[in-house]
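Working notes, structure below.
Residue numbers (the UniProt record's numbering), protein chains in the order written: chain A, 1 to 406; chain B, 1 to 406.
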């Protein structure tokens, strides 16, 4: 991939500058230097490169503070797009966002991950292509694809290190293969980490250090520290679904004991609901139905309308998630936890929010040092897909791709 | 405090350079620029400042790699000293270390924290002064004191935000008061965080990202990410002693439920031992004795000699700590966990090490991505005190103090 000798040296700086322009909406070069910590000389040069690529445009002048009024910069939203894909056992969500992170197209369909990857990935790629076409987005302006899915992963190699949902996915090169089919760069990342960073990019959180509790069919977590995803030693951190909340319980499929997921995830809630025959009949639940997300959705919707049996089940799940939220807040010292994903930000979002906020308020160790707020993600169910796309915009990849095409 | 106009601008850079010289033992300016990521011009200037302060000396020339042989630099260990104080309910440890982190003096005595702070701090200060005198250390070369104790804390203000061990300590200005008595700068930090960073500074760990599980009379944790203490939003992170390991258990004093400490700390082990009358009698345990550390020490020593009842108790505590170690490894994505503090690195260190290593090996979520090693701290029981002193050496404070005295 050809890169310009100037540009290739500082994709990281360009990402920082671009993100600061986005956050400010309009900003002068001098202000940009002040907020980004980059020298004015470098700002001048990086802004020129970004303008050459069409990513940034000048929009008139700001109010004078005594001297010459300063030229303001803003993003050109349509100069670049990113695709985000959430690939889950039970659901696949594809979004396209513009350079500001605003969603311009979206599609979702039942999970492909139960198929072997050789069948699933061409299907996902075909949907990506249809979405680009129907949205009227210039394919030459698509910078890449962020593929958000569960862990553990080898993020550098673009490979999943889990036998979930079927052994065919273990060590399969998902990101390189999808990249090959689409002829676009593909980044692999954790769904909850993607959801977490998406909130920041969309300007939805005031904190620069916060956590994300994510629930789709499984439970994950992400932490953002000073505006960057917490990575740890291999980008496999914050696996909150597989921490022990009951040392006296039996083994989990993951190898640990008494894991959170077995108490609080949609499968656990559906299993508990089946033990109440009247609720099961009323909602048409069927333990043999593999579509656990649909059945969980019915329980969540019933809880939202005040069905006491359904409320009790969701509250039980929420209290267990509250325990995990307290652990996350006490270990990462968080002031804010964002709830995201289809199961936490779906029909029962208000119950989950109220219960988890209360648990965290009462039980977090450092509550005398600061309070811990709990909010529901602005991206709701789509947080991981949107976050996947944001990770592309935030990455060096996007700039290298632009350099290569220039 | 007067500071030189050049020096004050980059205490951080000086800390980085000093740490790199320490790690390399001897190193040239060119190599120093390469490993520290600081420009050669800045290295030249910073090294000159460090030499002016007497902290760094030249030690002849390295092997030529073709050109002119390069002058090597090394630390002057006796150019500066730091004091570390571990202040605990049951024990106080004071150490003095030289500029390389090597311990030159140590004293320990039973806990003063059960006294009110107005009595305890003058007593600690008197012991610090005696230790400086008896060690023959030039007081003018003592850069400051690192006070390591439990949380939650307001680290900036130097204040404890806990009613432990007595309400008199809550919001008492421990660091400013000790600083006032000693006429030395005093840093407040978490004991487990101090223990964690101490390992790095002493060159005892290969990883730059790792965790520390710390047990004295309570249980704490610290995480180092890329060579720096993980701080979170208020330096009150990694409070591993107060995470829920049994959701079905009752409330802990801290406000949370089923906390690790109630299963695994010395008080819990002594309580469990009292339920076995023959063991209690054999070891002379007395539930009314406030000196829980001495009683725990007897159980640990009995376990170390193979007493089956004592071994069973320590193994039970170790399995619960193993559960917490798995949570810590799965959330922070760690490749290494260091066991430190008098209760983990004391008489029963080998049992704790073996059990926790095995739990982590079998149960950590990302074990297919990488293994997680468990080691016992090189500083053992004194890790927090030594770490407290290291935090002084690593801080900007030390340099500002030197500038002020220059």
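All C-beta atoms, glycine included, are put in the ideal place defined by N, C-alpha and C.
Note that this is a predicted model, so its numbers are computed, not measured.
Worksheet item: So which of A:379, A:288 and A:293 has the shortest CA-CA distance to residue 343 of chain A?
Response: Residue mapping note: residue 343 of chain A aligns to position 343 of the first chain, counting from 1. Nearest of A:379, A:288 and A:293 to residue 343 of chain A, Cα basis: A:293.
Worksheet item: Below 9 Å between beta carbons: does that hold for residue 198 of chain A and residue 379 of chain A?
Response: Walking along the first chain from the start, residue 198 of chain A turns up at place 198. Walking along the first chain from the start, residue 379 of chain A turns up at place 379. Cβ atoms of residue 198 of chain A and residue 379 of chain A: closer than 9 Å.
Worksheet item: Hey, is residue 369 of chain A's beta-carbon within less than 9 Å of any beta-carbon in chain B?
Response: Taking the first chain and counting its residues from 1, the one referred to as residue 369 of chain A is at position 369. So, interface residue.
Item to complete: Given a cut-off of 9 Å, decide if residue 313 of chain A and residue 356 of chain A are closer than it, judged by their beta-carbon atoms.
Response: For the purposes of this step, residue 356 of chain A is taken as the residue at position 356 of the first chain. For the purposes of this step, residue 313 of chain A is taken as the residue at position 313 of the first chain. Cβ atoms of residue 356 of chain A and residue 313 of chain A: not closer than 9 Å.
Worksheet item: Using the C-alpha atoms, what's the distance from residue 126 of chain A back to residue 229 of chain B?
Response: Residue numbering aside, residue 229 of chain B sits at position 229 when the second chain is read from its first letter. Residue numbering aside, residue 126 of chain A sits at position 126 when the first chain is read from its first letter. Cα-Cα distance, rounded: 46 Å.
Worksheet item: Taking all protein chains shown into account, do 16 or more other C-beta atoms lie within 10 angstroms of the C-beta of residue 19 of chain A, making it buried, or fewer, making it exposed?
Response: On the first chain, position 19 is the one that residue 19 of chain A refers to. For residue 19 of chain A, the number of other beta carbons within 10 angstroms of its own is at least 16, and it is reported as buried.
Worksheet item: For the region 211-221 of chain B against the region 240-255 of chain B, are there 3 or more C-beta pairs whose distance is under 8 Å?
Response: yes
Discussion item. Looking at chain A, is there any beta carbon in it that lies within less than 9 Å of the beta carbon of residue 239 of chain B?
Written reply: Walking along the second chain from the start, residue 239 of chain B turns up at place 239. By this cut-off, residue 239 of chain B is an interface position.
Discussion item. With a threshold of 9 Å between beta-carbons, can residue 9 of chain A be considered close to chain B, or not?
Written reply: For the purposes of this step, residue 9 of chain A is identified with residue 9 of the first chain, where counting begins at 1. Unreliable positioning characterises residue 9 of chain A in this predicted model, as indicated by a pLDDT of 40, which lies under 50. A coordinate reading is not provided.
Worksheet item: Between which two residues does the beta strand (DSSP E) carrying residue 376 of chain A extend?
Response: One-based indexing of the first chain puts residue 376 of chain A at position 376. It spans 373-376 - the beta strand (DSSP E) in which residue 376 of chain A sits, taken as one unbroken run.
Discussion item. Considering only their Cβ atoms, is the gap separating residue 87 of chain A from residue 113 of chain A smaller than 9 Å?
Written reply: Sequence index remark: in the first chain, residue 113 of chain A carries index 113 (1-based). Sequence index remark: in the first chain, residue 87 of chain A carries index 87 (1-based). Yes, the pair counts as a contact, with Cβ atoms nearer than the cut-off.
Practice prompt. Give every residue of the same chain whose Cβ lies closer than 8 Å to the Cβ of residue 26 of chain A, excluding the five residues on either side of it in the sequence, and list them in chain order.
Written response: In the first chain, residue 26 of chain A corresponds to position 26, counting from 1. Around residue 26 of chain A: 59, 62, 72, 73 and 74.
Fill in: Endpoints, the alpha helix (DSSP H) within which residue 29 of chain A is located
The residue labelled residue 29 of chain A in the question sits at position 29 within the first chain. Taken as a continuous stretch (DSSP letters only), the alpha helix (DSSP H) holding residue 29 of chain A covers 29-36.
Discussion item. Against chain A, does residue 394 of chain B count as a neighbour if the rule is that its beta carbon must be under 9 Å from one of theirs?
Written reply: On the second chain, residue 394 of chain B is found 394 positions in, with the first residue counted as 1. With 9 Å as the cut-off, residue 394 of chain B does not count as an interface residue toward chain A.
Discussion item. Rounded to whole angstroms, what is the Cα-Cα separation between residue 22 of chain A and residue 40 of chain B?
Written reply: Counted from its first residue, the first chain places residue 22 of chain A at position 22. Counted from its first residue, the second chain places residue 40 of chain B at position 40. Distance between the alpha carbons of residue 22 of chain A and residue 40 of chain B is about 35 Å.
Worksheet item: Relative to the alpha-carbon of residue 360 of chain A, which residue among A:56, A:50 and A:323 has its alpha-carbon at the smallest distance?
Response: On the first chain, residue 360 of chain A is found 360 positions in, with the first residue counted as 1. Of A:56, A:50 and A:323, the smallest CA-CA separation from residue 360 of chain A is found for A:323.
Worksheet item: Does residue 6 of chain B get closer than 9 Å to chain A when you measure Cβ to Cβ?
Response: Walking along the second chain from the start, residue 6 of chain B turns up at place 6. Residue confidence is low: residue 6 of chain B scores 34 on pLDDT, short of 50, so the model does not pin down where it sits. No coordinate-derived value is stated.
Practice prompt. Could you tell me the distance, in whole angstroms, from the CA atom of residue 180 of chain B to the CA atom of residue 257 of chain B?
Written response: Here residue 180 of chain B is taken as the residue at index 180 of the second chain, counted from 1. Here residue 257 of chain B is taken as the residue at index 257 of the second chain, counted from 1. Looking at the two C-alpha atoms, the distance is approximately 39 Å.
Worksheet item: Is any beta-carbon of chain B found at less than 9 Å from that of residue 341 of chain A?
Response: On the first chain, residue 341 of chain A is found 341 positions in, with the first residue counted as 1. No, residue 341 of chain A lies away from the interface with chain B (no Cβ there is under 9 Å from its Cβ).
Discussion item. Residues of chain B with CB closer than 7 Å to the CB of residue 317 of chain A, please, in chain order.
Written reply: Within the first chain, residue 317 of chain A is the residue found at index 317, counting from 1. Correct list: empty, because the minimum Cβ distance to chain B is about 12 Å.
Discussion item. Classify residue 275 of chain A: buried if its beta carbon has 16 or more other beta carbons within 10 angstroms, exposed otherwise.
Written reply: Position 275 of the first chain, counted from the start, is the residue given in the question as residue 275 of chain A. Residue 275 of chain A is exposed by the Cβ-count criterion.
Item to complete: Verify whether the separation of the beta carbon atoms of residue 49 of chain B and residue 185 of chain B is less than 9 Å.
Response: Counting from 1 along the second chain, the entry for residue 49 of chain B is found at position 49. Counting from 1 along the second chain, the entry for residue 185 of chain B is found at position 185. Going by C-beta atoms, residue 49 of chain B is not nearer than 9 Å to residue 185 of chain B.
Discussion item. What ranges does the alpha helix (DSSP H) occupy inside the region 180-256 of chain A, keeping only unbroken runs of at least 4 residues that lie completely in it?
Written reply: 191-201
Fill in: Contacting residues, own chain, Cβ-Cβ under 7 Å from residue 254 of chain B (five flanking each side not counted)
As a position in the second chain, residue 254 of chain B is number 254, starting the count at 1. These residues qualify, in order along the chain: 242.
Worksheet item: With 16 other CB atoms within 10 Å as the buried threshold, where does residue 390 of chain B fall?
Response: Your numbering for residue 390 of chain B matches position 390 in the second chain. Buried, because 16 or more other Cβ atoms sit within 10 Å of the Cβ of residue 390 of chain B.
Practice prompt. Can you give me, in chain order, the residues of the region 247-268 of chain A that have a beta carbon less than 8 Å from any beta carbon in chain B?
Written response: 247, 248, 254, 255, 256, 257 and 263
Fill in: Residues of the region 143-158 of chain B whose Cβ lies closer than 8 Å to any Cβ of chain A, in chain order
151, 152, 153 and 154
Worksheet entry | Neighbour list for residue 320 of chain B in chain A, Cβ cutoff strictly below 7 Å | For the purposes of this step, residue 320 of chain B is identified with residue 320 of the second chain, where counting begins at 1. In chain order: 247.
Practice prompt. Report the rounded CA-to-CA distance for residue 376 of chain B versus residue 195 of chain B, giving the unit in angstroms.
Written response: Translated into positions along the second chain, residue 376 of chain B becomes position 376. Translated into positions along the second chain, residue 195 of chain B becomes position 195. Distance between the alpha carbons of residue 376 of chain B and residue 195 of chain B: 12 Å.
Discussion item. So that I know if they touch, is there some Cβ in chain D lying closer than 9 Å to that of residue 243 of chain A?
Written reply: Protein chains in the displayed structure are A and B, and chain D is not among them.
Worksheet item: Can a CB atom of chain A be found closer than 9 Å to the CB of residue 328 of chain B?
Response: For the purposes of this step, residue 328 of chain B is taken as residue 328 along the second chain, with counting starting at 1. Cβ-Cβ to chain A under 9 Å: yes for residue 328 of chain B.
Item to complete: Quick one: give me the first and last residue of the alpha helix (DSSP H) that residue 272 of chain B is part of.
Response: Your numbering for residue 272 of chain B matches position 272 in the second chain. Element bounds for residue 272 of chain B: 266-274.
Practice prompt. Please work out which residues of its chain come closer than 7 Å, Cβ to Cβ, to residue 165 of chain A, disregarding the five sequence neighbours upstream and downstream, and give them in chain order.
Written response: Working through the first chain from its first residue, we reach residue 165 of chain A at position 165. Same-chain partners within the cutoff: 89, 113 and 114.
Item to complete: Go ahead and pull the three-state DSSP assignment for residue 161 of chain A.
Response: Sequence index remark: in the first chain, residue 161 of chain A carries index 161 (1-based). Reduced to three states, the DSSP call for residue 161 of chain A is coil.
Fill in: Beta-carbon contacts of residue 340 of chain A that lie in its chain and below 6 Å, excluding the five residues immediately before and after
Locating residue 340 of chain A in the first chain gives position 340, counting from the first residue. So the qualifying residues of the chain are 195, 212, 214, 377 and 383.
Worksheet item: Beta carbon of residue 152 of chain A, beta carbon of residue 369 of chain B: below 9 Å?
Response: Working through the first chain from its first residue, we reach residue 152 of chain A at position 152. Working through the second chain from its first residue, we reach residue 369 of chain B at position 369. In this structure, residue 369 of chain B lies closer than 9 Å to residue 152 of chain A by Cβ.
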